[in-house]
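Enquirer: Please read through the structure below; I'll follow up with questions.
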Amino acid sequence: MPSLRVPNDVVADSADLANKHTLRCPRRGCDSLILRPGTARLVNLDGATSADLTEIPAHLLQEPQTESRDDSYRDGYWKVDNMMDFENVGFLKTLEGSGIKYLSCADCDLAPLGFHDTRDQGPSRGFFMAVQRVRYT
Numbered sequence: 073m074p075s076l077r078v079p080n081d082v083v084a085d086s087a088d089l090a091n092k093h094t095l096r097c098p099r100r101g102c103d104s105l106i107l108r109p110g111t112a113r114l115v116n117l118d119g120a121t122s123a124d125l126t127e128i129p130a131h132l133l134q135e136p137q138t139e140s141r142d143d144s145y146r147d148g149y150w151k152v153d154n155m156m157d158f159e160n161v162g163f164l165k166t167l168e169g170s171g172i173k174y175l176s177c178a179d180c181d182l183a184p185l186g187f188h189d190t191r192d193q194g195p196s197r198g199f200f201m202a203v204q205r206v207r208y209t
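So in the working numbering, spot 130 of the sequence shown is number 202, and the numbers just go up one at a time.
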């Protein structure tokens, strides 16, 4: 999947790892606000704890990165503890047998931008937006 340009300074404070920038839908022509600064924390999830996000076609993205992909945020997600902290996000139907709900842009339905595991009731419970699947303004 082509990844988006991720600013070097994505976190406001290295202590709490909160997002420094406004997070918006990456679709060309959509400027939907997803998260305001300071509403999510940067976490790294390995493949075993994250959902398998299908590819978003490159022609839909507003600012696709060049051929050289920066994998420094490959496992990076913005974790939101409360779904009410989102400004504009949609939830797709739960995948049968998996408990996974994909997150989408509520305005244009671009998905998947992240995921929520409905089965997780522990401290890791939350809503996860992939760092490389949002636009930073």
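Glycine included, every Cβ here is placed at the ideal spot set by N, Cα and C.
Is D189 helix, strand or coil when you go by DSSP?
Expert: strand
Enquirer: Just tell me which of F200, G110, R113, T209 has its CA closest to the CA of V161.
Expert: F200
Enquirer: Please state whether DSSP places V152 in a helix, a strand or coil.
Expert: strand
Enquirer: Counting C-beta neighbours from all protein chains within 10 Å, is the total for R141 16 or more, i.e. buried, or is it exposed?
Expert: Caution is warranted here: a pLDDT of 41 is assigned to R141, below 50, making its placement in the model unreliable, and the coordinate value is therefore given only provisionally. R141 is exposed by the Cβ-count criterion.
Enquirer: Which value, in whole angstroms, describes the spacing of the CA atoms of T138 and R197?
Expert: With a pLDDT of only 37 at T138, under the threshold of 50, the placement of this residue in the model should not be trusted, and no figure is reported.
Enquirer: May I ask you to report which of helix, strand or coil DSSP gives R197?
Expert: coil
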